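So the structure is just underneath, and the comments pick up after that.
Number of protein chains: 2
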Amino acid sequence: MATATLTIDLDALTSNWHALDSLSACETAAVVKANGYGLGADRVAKALLDAGARRFFVAVAEEGAALRAALGPGPEINVFSGHMAGDSEMIAEMQLTPMLNSLDQMLRHFETLPGAPFGIQLDTGMNRLGMEPAEWDAVREIALEQGPTLLMSHLACADDPEHPMNPQQLAAFHEMTDGLDVPRSLSATGGILLGPDYHFDLTRPGVGLYGGLPFVDAAPVAGIHVPVIQIREVAPGETVGYGNTWTAERPSRIATISGGYADGILRAMGPKAHVFAAETRCKIIGRISMDLIGVDITDAPDIPDTVELLGQHQSVDTLADAAGTIGYEILTSLGARYRRHYLTS
Amino acid sequence: MATATLTIDLDALTSNWHALDSLSACETAAVVKANGYGLGADRVAKALLDAGARRFFVAVAEEGAALRAALGPGPEINVFSGHMAGDSEMIAEMQLTPMLNSLDQMLRHFETLPGAPFGIQLDTGMNRLGMEPAEWDAVREIALEQGPTLLMSHLACADDPEHPMNPQQLAAFHEMTDGLDVPRSLSATGGILLGPDYHFDLTRPGVGLYGGLPFVDAAPVAGIHVPVIQIREVAPGETVGYGNTWTAERPSRIATISGGYADGILRAMGPKAHVFAAETRCKIIGRISMDLIGVDITDAPDIPDTVELLGQHQSVDTLADAAGTIGYEILTSLGARYRRHYLTS
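These protein sequence lines map, in sequence, to chains C and A.
Sequential numbering of the first sequence, starting at 2, is according to our numbering.
Sequential numbering of the second sequence, starting at 2, is according to our numbering.
Written as structure tokens, this is what we have:
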């Protein structure tokens with residue numbers, strides 16, 4: 002078995018959801034876009050449904066359709082990208098709730114699916130998705146007559162609690178939505194941690210559910226163990242891997258492990274990342290290749306059968322630091338080649 | 002439809018295989034590991050089988066089993082990681098040919114599957130996979146008695162034709178295999194381009210088939226078109242995206258497109274990458290987020306419905322440069338969310 006194992010702890014996931022839910026007095030949804038941040042949207046969403054989540058968010062209608070097939074009727078499935086041309090039939094059949102981002106999308110929705118549920122996404126300064134204040138002013142009355150399920154916006158700098166953009170977006174959201182009798186949502190994980198002013202009627206945590214920053218108290222959800230294919234002794238002066246980028250400076254014991262950038266072990270982390278052989282932290286050496294990585298296990302007392310890349314010893318954020326990115330990308334990059342193993346009590 | 006389209010030109014793929022095949026007088030195999038470099042191992046391998054390839058290489062036994070199910074009996078499927086503990090049944094049932102990397106693997110193979118086909122991987126200096134000269138000396142006679150199908154090794158620096166490691170590994174390969182009556186293979190795409198000395202009996206191109214360097218004459222195989230969700234005008238001083246990292250310096254028209262790092266559009270390429278709106282090269286602005294990217298389309302004469310990320314205007318290697326990586330990683334990072342469209346004549 003040369004296939005690496007990706008363990009997904011569904012109990013840790015639901016405990017993270019409960020922990021984030023306990024930080025607010027309002028309803029807590031769950032963001033399961035990008036295949037549940039790489040961990041399997043169907044399994045993740047079912048576990049969160051059992052834990053009490055009743056509203057889910059996905060990026061595109063196709064993700065929503067797959068999620069509806071997994072969850073069955075009942076839970077609300079919201080689509081951040083809204084109502085795109087060509088999606089009307091899928092939205093209707095799979096009972097999706099698009100977050101309408103523009104006048105164009107609103108007209109499309111009202112014309113093709115009159116009476117069908119929808120939310121409105123407002124832009125409070127991130128300039129990414131959602132209606133801007135002037136557009137919202139122009140269409141607000143028409144929109145409200147049709148009974149939106151949600152008015153939402155998204156924070157650009159919530160991971161940095163001191164950033165002046167946070168109160169600025171909060172004020173803009175109030176200005177655009179105060180006094181309207183519609184449920185409101187502004188915050189994902191970062192916003193939940195900014196405190197009650199940011200919670201409104203619904204929060205929508207994503208990365209915190211999956212064990213990533215900025216939720217420092219998150220339980221780790223993903224674990225990766227990679228099999229060792231071969232061990233070799235190399236003498237000082239010998240090189241390892243593509244481009245001869247690593248040269249042994251001492252008599253070294255090298256393990257070749259069966260994982261690589263095709264498994265989402267980002268090539269960029271090569272020079273800085275480590276894995277664990279039991280309790281010993283071992284450096285990744287040479288270039289990460291597509292399916293193989295060299296590891297210096299000279300200091301490990303025993304020869305391991307597998308090494309830990311993610312788990313009790315190392316978080317997604319540690320790996321993200323090594324790769325110069327964020328934990329979110331570590332999770333969504335995990336490839337299709339893992340043997341996936343879901344833990345649940 | 003907010004899902005991006007990944008177009009895979011199977012005619013370009015097979016024309017790359019024929020072009021690489023024509024560079025040598027020997028047999029040309031095909032490497033289809035990592036799900037055919039992200040493009041779909043089943044479709045890719047079937048097209049290459051029709052084009053004339055009869056030997057395929059995968060990384061692990063599970064990939065081989067899936068490939069056998071797609072191709073049916075007949076073509077030889079070689080497994081680079083060799084014969085791992087627990088894989089004997091799969092190797093036998095799916096008629097896989099492991100490339101044995103060590104004495105351990107050899108004993109396992111001979112004991113559990115006596116008479117079953119195998120190759121031998123030799124380490125000629127990369128120190129990644131394969132038997133070293135001393136180990137090979139010790140087991141060579143036993144191995145040869147069992148009739149290996151192939152003796153192979155892998156070059157560490159073939160992408161750099163002037164690297165002294167190339168002739169060094171070539172000499173080591175000769176020393177380990179000359180005079181043995183077994184087919185030999187040393188070269189993947191880079192090695193093919195090093196010339197006939199490196200070809201032996203079988204070449205095993207990978208990245209060149211898929212349109213990537215170092216095969217400069219490769220036809221592009223992968224194309225990506227990403228839908229535009231929303232257009233907005235931003236005034237000088239306005240910021241776009243997470244962390245407010247981009248500020249408009251002129252009145253700008255921004256498209257939000259429906260793709261992100263969850264689709265393998267590596268977050269690291271954000272500051273340097275472009276997309277094409279018809280013929281206009283447009284800069285990606287702000288941080289690439291999980292499912293969304295901002296693009297400055299101010300200079301585009303028309304508002305696009307989709308933009309091209311990969312295709313006629315931009316190769317995998319251009320994107321790789323922007324991300325500080327190699328084309329291989331661009332391909333294998335392509336996620337599961339694309340609508341995949343296979344072109345074939």
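The beta-carbon is built from N, C-alpha and C at its ideal position, and this holds for glycine as well.
What you are looking at is a predicted structure, and each value in this text was computed from that prediction instead of being measured.
Contact with chain C is absent for A/Tyr343, since none of that chain's Cβ atoms lies less than 7 Å from the residue's Cβ.
With fewer than 16 other beta carbons inside 10 angstroms of its own, A/His342 counts as exposed. Against A/Val61, the close residues of chain C are Ala3, Thr4 and Ser259, in the order they occur along the chain (beta-carbon pairs closer than 7 Å). For C/Glu77, the enclosing beta strand (DSSP E) has its first and last residue at Glu77 to Val80. Per DSSP, the unbroken beta strand (DSSP E) holding A/Gly120 starts and ends at Gly120 to Gln122. A direct Cα-Cα distance of roughly 15 Å separates A/Leu332 from A/Arg340.
Ranked by how close their Cα comes to the Cα of A/His200, the residues A/Met153, A/Leu311, A/Val241 and A/Asp306 have A/Met153 in first place. Neighbours of A/Leu50 in chain C, taken as residues whose beta carbon is under 9 Å from its own, are absent, since the nearest beta carbon is some 22 Å off. Using a CB distance cut-off of 7 Å, A/Ile304 does not count as an interface residue toward chain C.
Rounded to the nearest angstrom, the gap between the Cα atoms of A/Val241 and C/Leu123 is 14 Å.
Annotation: A/Pro149 has no Cβ neighbours in chain C at a cutoff of 9 Å; minimum Cβ distance is about 18 Å. Taking each of A/Ala324, A/Gln106 and A/Arg282 in turn and checking the Cα distance to A/Arg268, the smallest one comes out for A/Ala324.
When the beta-carbon positions are compared, A/Gln231 and C/Asn102 come within less than 7 Å of each other. Between the stretch 311-329 of chain C and the stretch 270-284 of chain C, the count of Cβ pairs shorter than 8 Å is three or higher; the stretches touch. The stretch 182-255 of chain A is shown to contain whole alpha helix (DSSP H) runs of 4 or more residues at 190-194, in chain order. If you compare the alpha carbons of C/His164, C/Gly209 and C/Ile121 with that of A/Thr246, the shortest gap goes to C/His164. Counting along the chain, the unbroken beta strand (DSSP E) around A/Ile294 starts and ends at Ile294 to Asp297. At a cut-off of 7 Å between C-beta atoms, A/Arg109 does not count as an interface residue with respect to chain C. Along the stretch 141-173 of chain C, the positions whose C-beta sits under 7 Å from a C-beta of chain A are Ala157, Cys158 and Met166, read in chain order. Contact annotation: the stretch 295-312 of chain C does not touch the stretch 7-14 of chain A, with fewer than three C-beta pairs closer than 8 Å. Separation of A/Phe174 and A/Ile92 (C-alpha to C-alpha, rounded to the nearest whole angstrom) is 27 Å.
Taking C-alpha positions only, C/Gly328 is separated from A/Met2 by approximately 28 Å. Leaving aside the five residues that flank C/Asp306 on each side, the residues in its chain whose CB is nearer than 8 Å to its CB run, in chain order, Pro228 and Val229. Within chain C, the residues Asn128 have their CB atoms less than 7 Å from the CB of A/Glu239, given in chain order. Annotated as distal: C/Ala256 and C/Pro237, with beta-carbon spacing of 7 Å or more. Within chain C, the residues Met2 and Ala3 have their CB atoms less than 9 Å from the CB of A/Asp88, given in chain order. In this structure, DSSP gives A/Thr319 a helical state, which the three-state scheme calls helix. Taken atom to atom, the span from the alpha-carbon of A/Pro76 to that of A/Ala144 is near 23 Å. C/Lys47 has a beta carbon lying at 7 Å or more from every beta carbon in chain A. In the structure shown, C/Pro99 falls within a strand segment according to DSSP collapsed to helix, strand and coil.
A distance of 7 Å or more separates the beta carbons of C/Asn36 and C/Phe58.
Using beta-carbon distances, A/Met100 does not count as an interface residue toward chain C, since no partner is under 7 Å. When 8 Å is used as the limit between beta carbons, A/Asp292 is near these residues of chain C: Lys34, Ala35, Ala60, Val61, Phe81 and Ser82, in chain order. Taking 7 Å as the Cβ-Cβ cut-off, the stretch 177-189 of chain A has no residue approaching chain C. Scanning chain A for C-beta atoms nearer than 7 Å to the C-beta of C/Glu94 yields nothing, as the closest lies near 15 Å away.
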